[in-house]
Amino acid sequence: MPLAVCVFCSSSAKIDRRYVDLAAEVGDELARRGHSLVSGGGRVSCMGAVARAARAGGARTVGVIPEGLVSVELSDDDSDELIVTTDMRTRKGEMDRRSDAFLVLPGGIGTLEELFEIWTARTLGMHDKALVILDPTGVYEPLRELMKGLTEQGFARPRIWDAIGWTSSVSEAFDLLERSQPKIGMSFEDYAEAEL
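If you read the sequence shown in the numbering used here, its first letter stands for residue 317, the second for the next number, and so on.
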């Protein structure tokens, strides 16, 4: 079944080329599998690479960008649909609304913010959309260790790991996105004992 896959990734021009190449590989695979793309609406760095590759493979692309970033991130005017929002919060809500699944590539604090918002909502049972981190070079390994530590200390419930997939392979990332996702819910005791 075709999915609208939201890809969170970097728009930085200062990163190593291998991350831009990874984004292009993701766009290729997304199109090959018959999915569509929802992205942050920029045409630079990883954001642009994933969209261009997806379109080159025949996939439909939707870009969502806040008006304050149109000139900064150089909006992807080649998108099949480009939505300009008033602010970042509206942008994230629109991306969420239009997406069936979420794929997180290496990125900065904006990417982390998007990751945590979707991860938190999934852990709380507010949606059942698949969430996968694709990290072939270990960029997010310190984050993974931090989250394991928070879980061990009781700040996060073990079920946070049921809400996310973690892989280093593009093909496995899409396999995980395409799997049926079990609904995750929390009891009152869960809320009382930990933040997530």
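In this text, a Cβ means the ideal position worked out from N, Cα and C, and glycines have one as well. These numbers were taken from a predicted model, which means no experiment stands behind them.
{"Check": "Counted within 10 angstroms of its Cβ, other Cβ atoms place Ala372 as buried (16 or more) or exposed", "Outcome": "exposed"}
{"Check": "Nearest-angstrom Cβ-Cβ length linking Leu462 and Thr483, presumed shorter than 8 angstroms", "Outcome": "Contact doesn't hold; Cβ gap of about 19 angstroms is too wide."}
{"Check": "Local conformation of Val388 per DSSP, three classes", "Outcome": "coil"}
{"Check": "Cβ-based burial, Phe324 [other Cβ within 10 Å; buried from 16]", "Outcome": "buried"}
{"Check": "3-residue-minimum beta strand (DSSP E) runs that sit fully inside the segment 411-446, ordered along the chain", "Outcome": "417-420"}
{"Check": "His351 beta carbon less than 8 angstroms from that of Val380", "Outcome": "no"}
{"Check": "Supposed close pair Leu440, Val342 - CB separation, criterion 8 angstroms", "Outcome": "Not confirmed; about 27 angstroms, so no contact."}
{"Check": "Nearest-angstrom Cβ-Cβ length linking Ala367 and Asp392, presumed shorter than 8 angstroms", "Outcome": "5 angstroms"}
{"Check": "Residue range of the alpha helix (DSSP H) that includes Ala367", "Outcome": "361-372"}
{"Check": "Val386 beta carbon less than 8 angstroms from that of Val400", "Outcome": "yes"}
{"Check": "Where Phe471 sits in the DSSP three-state scheme", "Outcome": "coil"}
{"Check": "Range of the contiguous alpha helix (DSSP H) that encloses Gly343", "Outcome": "333-348"}
{"Check": "Buried/exposed call for Phe471, threshold 16 Cβ in 10 Å", "Outcome": "exposed"}
{"Check": "Option in Lys445, Ala446, Ile476 with minimal Cα separation from Arg460", "Outcome": "Ile476"}
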